[in-house]
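Trainee:
In the UniProt record's numbering, the protein residues as written are 1 to 384.
1) When DSSP labels each residue in this structure, what does residue 90 get in the three-state scheme?
2) Please determine, among 224, 261, 229, 230, the residue with the shortest C-alpha to C-alpha distance to residue 247.
3) Determine the direct distance from the alpha carbon of residue 49 to that of residue 122, and round the result to whole angstroms.
4) Let's see if you can read the secondary structure: which residues bound the beta strand (DSSP E) around residue 127?
5) When the distance is taken between beta carbons, is residue 322 closer than 7 Å to residue 344?
6) Along the chain, where does the beta strand (DSSP E) containing residue 151 start, and where does it finish?
7) Any contact of the segment 135-148 with the segment 161-168, i.e. 3+ C-beta pairs under 8 Å?
8) When DSSP labels each residue in this structure, what does residue 157 get in the three-state scheme?
9) Strictly by DSSP, which residues pair up with residue 171?
10) Excluding five sequence neighbours on each side, which residues of the same chain lie with their C-beta closer than 6 Å to the C-beta of residue 80?
11) Does the separation of the CB atoms of residue 86 and residue 59 fall below 7 Å?
12) On a CA-only basis, which of 99, 38, 384 is nearest residue 367? Give me that one, please.
13) Would the beta-carbon of residue 27 fall within 7 Å of that of residue 4?
14) What would DSSP say about residue 346, mapped onto helix, strand or coil?
15) Mapping DSSP to helix, strand and coil, what is residue 235?
16) Please state whether DSSP places residue 218 in a helix, a strand or coil.
17) Sorted by chain position, which residues of the same chain lie with C-beta nearer than 7 Å to residue 325's C-beta, five sequence neighbours on each side aside?
18) Check whether the segment 98-106 and the segment 132-145 touch, using three or more Cβ-Cβ pairs below 8 Å as the test.
19) Rounded to a whole number of angstroms, what is the C-alpha to C-alpha distance between residue 9 and residue 30?
What follows is the structure, given as structure tokens:
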């Protein structure tokens, strides 16, 4: 049986040069997608794009939290990777027992694996480490029917265990490895072809809704927002054109005054804030340091509108050089009042001029017929 060299990665690695990873001889990349029902890795899309574009085989794993219901976690994992294509079996990362005994935890693990398999129509596998397999889960519940990816370091081959014996489809043999293109330590793996899917699978996701709120729209799509320092639920609701009540219902929040930095919130991507059909648009090229909320504020629009208009799945993740469509409202048209003009000087930017004259970039774009707000010329005369 052929072996494949691999790594598994998460946000701890930061940005990765996947062309170097590919050139290092690495063949498989497993990416952390989610944890519990509250965390989606902020690098998921970036890692996926980089790995796929460099011809690497990709898989995804979910870190299981025994304190969260199996159904909620399976749906959360499935929706986190919805629309992405996996070359490898979807993996349950089982490292925490919580308050469960071995029998109960084994039953929960099988339930999760079967739920994910049903939701995605994709084969699944399980990751754990040797001592956990020996002490925290047991045979008799069907775990042996799933391929095992086992972790044990500093040995020539991993020890056996009562459930799988000496059989394994993957072995994580180091958590302090070094691979070109990755900063710092990275988990090192060797996989057999048992971890590969017979055919690559595009994750469709769960079409059912677990939200019983009468205000919800079953046809709505969702985006995910990672809470930043200083955020409030009311502020996030306003920014995305939704309501606190909607966010509370969608995310199972018991105290709307209490959200945490790093918490991932599910937000409806449709609604009043996303209606752009009556507006014309301009193109904006993302610059270093830009955020979607900052761009929205600068152009007098909302994050939700930009998300809907540009098909953005993760509003926390935009790229330098990415071209965004931005609505230009008809209300910005000129009137018959006296028009001030300004001649562009060296070093000027449209946003700087807007700030200087107490107006908005969107207004300047509309009244001057500007197609590219990143491109103005010295000597150009602008109506203000």
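The beta carbon of each residue, even a glycine, is placed where N, CA and C say it ideally should be.
Mentor: Result, derived from the coordinates:
1) strand
2) 224
3) 20 Å
4) 124-129
5) no
6) 148-151
7) yes
8) coil
9) 150, 190
10) 33, 34, 40
11) yes
12) 384
13) yes
14) coil
15) helix
16) Reliability of the predicted coordinates at residue 218 is poor, the pLDDT of 34 falling under 50, and the value obtained from them is presented with this limitation in mind. In the structure shown, residue 218 sits in coil (DSSP, three-state: anything other than H, G, I, E or B).
17) 281, 283, 309, 310
18) yes
19) 6 Å
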